[in-house]
Ligand SMILES: Nc1ncnc2c1ncn2[C@@H]1O[C@H](COP(=O)(O)OP(=O)(O)OP(=O)(O)O)[C@@H](O)[C@H]1O
Ligand SMILES: Cc1ncc(C[n+]2csc(CCO)c2C)c(N)n1
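As structure tokens, this is what we get:
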């Protein structure tokens, strides 16, 4: 079949019921997790630049808060208005090799009983240490007994210093039946922009988790975008029309990991069929947008990355 591209009007009705889809994403739930999911906010080591009101709201909406190493400095600086605010925004964990965590911030959070775990390995990033820790937190009774109060005084909460978290994770994951694991909505702040190698590493995590720990639903939030992975074989993206109109701008379907074929889209301004897409060949659907009134459908041969432009100042009204 030959490729097609059509230009749609600004709003069209898409009949979601008539579309056989494998996967479903509700845009709002990327930021305001479904109550049935476990949820975590992961703060990475870049200056926090989203509006305060939004940050505080997102904080409240997530069960678990984790800082990757120096990200704790960023949190500490961000909530500097007064001490009473800082004590209200304590993360559950700080983890990393602790090369970028300042002594002042380490002492502050330690005194407030935040669990601070040192992992010295230089063969994984602080990001992956965080992701393994989040999975252990939600799925491993053994991990909880290790870090329980009776062990709190033990050095490093009883966790082997070099790569204890990875060892515990690897042994837990062997007996984990993915289909029975409660999904984890993971919103990451600070992983995109800034240093380019770190940004690309963040993108690799979308693919890695989709393959190796598919119970994670990872999404990055920046001041300009939401970035997440669309699974192959058909995904229905749902949204409230008012939310779409107020908070959402352009989008891009980005075949970063591998060249693929967009089998079909329905509800984009420029809808395609049988459309080969590749970074190497310079063929990417960028500066597109959602015109489906309540939903849009994307069916690709392989997993693909989607970025959606967001208007952060407006988001707060919909959370
Ligand atoms: N400039 C950045 N852009 C994007 N993500 C970042 C950036 N800096 C840090 N991060 C993320 O925050 C995490 C913790 O930051 P940290 O400064 O401790 O990095 P790190 O793992 O020690 O890396 P490196 O030693 O290469 O600087 C990193 O693993 C990375 O995922
Ligand atoms: C082939 C290869 N390239 C780079 C690193 C270095 N490295 C990767 S993750 C990490 C920790 C950053 O917190 C460091 C230093 C390595 N080990 N192996």
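In the numbering used here, the protein residues as written are 1 to 319. Note that beta-carbon positions come from the ideal geometry of N, C-alpha and C, so glycine has one too. Remember, it's a predicted structure, so these values are computed and weren't measured experimentally.
Practice prompt. Please list, in chain order, all residues of the same chain as residue 162 whose beta carbon is under 8 Å from its beta carbon, the five residues on each side excluded.
Written response: 119, 120, 121
Worksheet item: Where DSSP assigns a beta bridge to residue 220, which residues make up the other side?
Response: 188, 227
Discussion item. To test your reading of the DSSP string, which unbroken beta strand (DSSP E) runs of 3 or more residues are found completely within the segment 230-271?
Written reply: 235-238, 248-254, 260-266
Worksheet item: Would you say residue 206 and residue 24 are within 7 Å of each other, going by their C-beta atoms?
Response: no
Fill in: Continuous beta strand (DSSP E) assignments of at least 3 residues falling wholly in the segment 128-213
184-189
Worksheet entry | Simplified DSSP state of residue 318, which is helix, strand or coil | helix
Fill in: Residues near ligand 2, criterion Cβ-heavy atom distance below 6 Å
97, 122, 123, 124, 125, 126
Worksheet item: Rounded to a whole number of angstroms, what is the C-alpha to C-alpha distance between residue 70 and residue 99?
Response: 8 Å
Discussion item. Taking the alpha-carbon of residue 126 as reference, which of 1, 144, 93, 157 has the nearest alpha-carbon?
Written reply: 93
Worksheet item: Taking Cβ positions, are residue 27 and residue 297 nearer each other than 7 Å?
Response: no
Practice prompt. For residue 102, collect the residues of the same chain with a Cβ closer than 7 Å to its Cβ; drop the 5 residues on either side in sequence, then sort them by chain order.
Written response: 73
Worksheet item: How about the segment 76-88 and the segment 250-263: do they share at least three Cβ pairs that are nearer than 8 Å?
Response: no
Worksheet item: Across which residues does DSSP place residue 277 in a beta bridge pair?
Response: 260
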